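**Student:** Got a structure here, written out as structure tokens. Questions coming.
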Amino acid sequence: MMNKEIKMAKEYSRTSRVSQQVQKELARILQQEVKDPRIGMVTISGVDITRDLAYAKVFVTFLTIGDQTNEESLEGLNSAAGYIRRLLGKAMRLRIVPAVRFCFDETLTEGLRLSELVSGAVKKDREKLLASGRKEDEDNA
Amino acid sequence: KAKKNVPSAIAHIHTTFNNTIITITDMKGDTICWSSSGAIGFKGSKKNTPYAAQLVAQTVAKTAKENGVKTLTIRIKGFGPGKDSALRQLQASDFEVSEIRNVTSLPHNGVRKPKKFRRR
């Protein structure tokens, strides 16, 4: 019973609960409060918080429009980090408001690329199988 | 079901912190097809992942193509983590994306929120 309780506590620890809440609040703040022309549409894919809740690493992806680049958008976000931290402190009741640092999340684009590669390879295999099946039928006929 | 031949459509991507729903409608607003993370088979916390959103977009894109959709206008609503991956997947599904708009509804300081959301 004790082991089950410890396991439950570890699986849904305070840091994971706080990071989920920080993600929700930051998503709202970035959409409503931050109006920097360098920053495109931001999506927060995850938040990692240290155990003492003092530092938060926020993984973001951007939808850039026109001349905007991912690097510029990231620079814009990191320059507004102090302001965002203040807004986060107002939105959440925490003893220590984590210092926020933004990082670009490459796993999304990599995942899409790999997914397309795998789908392409599977499709080619199927076509080869079909082609070899038809060839056998022709030979038998 | 009869296939509707709709060349131009609107994709409504509705993302929340628990789920992602994508609905394809014609320009008037009548639904052509839809899908969601739960409809695909994901349950619980897996529904709000970007991967689930990607699969939802794939499913919806396939059905939309069967109904003759070629051009899409995309409307994004919500703050969830699935919006980016859903959007990229729709773009990669050979549709001509004419417009991307964020239509998340925001109050101009509207109704009084419940006690839980009024802490400060």
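From first to last, the protein sequence lines stand for chains A and B.
Going by our numbering, the first residue of the first sequence is number 1, and it counts up by one from there.
Going by our numbering, the first residue of the second sequence is number 1, and it counts up by one from there.
Built from N, CA and C at the ideal position, the CB exists for glycine as well.
For clarity, every value in this text was computed on a predicted model and none was experimentally measured.
When the Cα of Gln89(B) is compared with those of Val97(A), Cys103(A), Leu63(A), Phe104(A), which residue comes out closest?
**Tutor:** Checking every option, the nearest Cα to that of Gln89(B) belongs to Leu63(A).
**Student:** Looking at the secondary structure, which residues open and close the beta strand (DSSP E) in which Lys57(A) lies?
**Tutor:** Segment 55-63, the beta strand (DSSP E) holding Lys57(A).
**Student:** If you run the structure through DSSP and keep just helix, strand and coil, what is Thr50(A)?
**Tutor:** Reduced to three states, the DSSP call for Thr50(A) is coil.
**Student:** Residues of chain B with a CB under 9 Å from the CB of Gly111(A): which are they?
**Tutor:** Here the neighbours are Pro50, Tyr51, Gln54, Ser85.
**Student:** I'd like the ranges of any beta strand (DSSP E) spanning at least 3 consecutive residues and lying wholly in the region 8-68 of chain B.
**Tutor:** Segments of the beta strand (DSSP E) lying fully in the region 8-68 of chain B: 8-15, 20-26, 31-36.
**Student:** Taking beta-carbon pairs under 7 Å, can you tell me which members of the region 51-82 of chain A lie near chain B?
**Tutor:** The region 51-82 of chain A vs chain B, Cβ under 7 Å: Thr61, Leu63.
**Student:** Who are the neighbours of Arg28(A) on chain B, taking C-beta pairs under 7 Å?
**Tutor:** What Arg28(A) touches in chain B: Phe79.
**Student:** Can you tell me whether Asn102(B) is helix, strand or coil according to DSSP?
**Tutor:** Three-state result, Asn102(B): strand.
**Student:** Using a Cβ-Cβ cut-off of 9 Å, state whether Gly120(A) counts as contacting chain B.
**Tutor:** Not closer than 9 Å to any Cβ of chain B, the Cβ of Gly120(A) fails to qualify, so no.
**Student:** Can you look up Ala27(A) in the DSSP assignment and give me helix, strand or coil?
**Tutor:** Helix, per DSSP.
**Student:** Could you say if the region 58-74 of chain A and the region 122-130 of chain A meet the contact criterion of at least three C-beta pairs nearer than 8 Å?
**Tutor:** Segments in contact, no.
**Student:** Between Tyr55(A) and Asn18(B), what straight-line distance do the alpha-carbon atoms span, to the nearest angstrom?
**Tutor:** For Tyr55(A) and Asn18(B), the distance between alpha carbons rounds to 25 Å.
**Student:** Within 10 angstroms of the Cβ of Gly133(A), are there 16 or more other Cβ atoms? Answer buried if so, exposed if not.
**Tutor:** When all chains shown are included, Gly133(A) counts as exposed.
**Student:** Let me check understanding here. Comparing Cα to Cα, which of Phe79(B), Ser93(B), His14(B), Ser45(B) lies closest to Ser119(A)?
**Tutor:** Considering only alpha carbons, the answer is Ser93(B).
**Student:** Measuring only between beta-carbons, confirm whether Arg88(B) sits less than 9 Å from chain A.
**Tutor:** It does: the Cβ of Arg88(B) has a partner Cβ on chain A nearer than 9 Å.
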